[in-house]
Amino acid sequence: MMGEREKQYSGLISYQKLFEMMELRKVKKIDLRNKFNISPTIVRRLSNNENVSVDTIMYLCEILACQPGDLMEYIPESDISE
Numbered sequence: 001m002m003g004e005r006e007k008q009y010s011g012l013i014s015y016q017k018l019f020e021m022m023e024l025r026k027v028k029k030i031d032l033r034n035k036f037n038i039s040p041t042i043v044r045r046l047s048n049n050e051n052v053s054v055d056t057i058m059y060l061c062e063i064l065a066c067q068p069g070d071l072m073e074y075i076p077e078s079d080i081s082e
């Protein structure tokens with residue numbers, strides 16, 4: 001099963017750029033839930049830099065008229081501050 005395999009990477013995906021893009025486009029977190037029907041769980045996962053589906057990223061790109069790289073970036077483990 002895919003969820004059981006050992007992870008071959010370190011670091012994390014940061015969604016800080018997503019929230020910067022939302023501010024630029026004047027979209028609030030509550031809008032993601034109420035206007036665009038994104039579940040509170042997904043909004044929380046984005047806020048906590050947790051995994052979300054590619055479908056979610058594609059939908060956010062559609063909502064915000066941007067590319068995936070405008071919403072997220074990979075941060076190597078060596079660059080993560082405790």
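In full-length UniProt numbering, the protein residues as written are 1 to 82.
We put the beta carbon where it would ideally sit given N, CA and C, even for glycine.
Quick caveat, the model's predicted, so the values are computed rather than measured.
Check, Outcome
"If you drop the 5 nearest sequence neighbours on each side, which residues of the same chain put their C-beta closer than 7 Å to that of L60?", "L18, L71"
"If distances are taken between C-alpha atoms only, which option among V54, S53, I42, Y15 comes closest to M75?", "Note that residue 75 corresponds to Ile in the displayed sequence, not to Met. Nearest option by C-alpha distance: Y15."
"What residues are listed by DSSP as bridge partners for Y74?", "I13"
"Could you tell me which uninterrupted alpha helix (DSSP H) segments, each at least 4 residues in length, are contained entirely in the stretch 18-72, listed from first to last along the chain?", "29-34, 40-47, 54-64"
"Residues in its own chain within less than 6 Å of M1 by CB, not counting five upstream and five downstream?", "Residue placement at M1 is flagged as unreliable, the pLDDT there being 48, under the threshold of 50; a coordinate-derived value is accordingly withheld."
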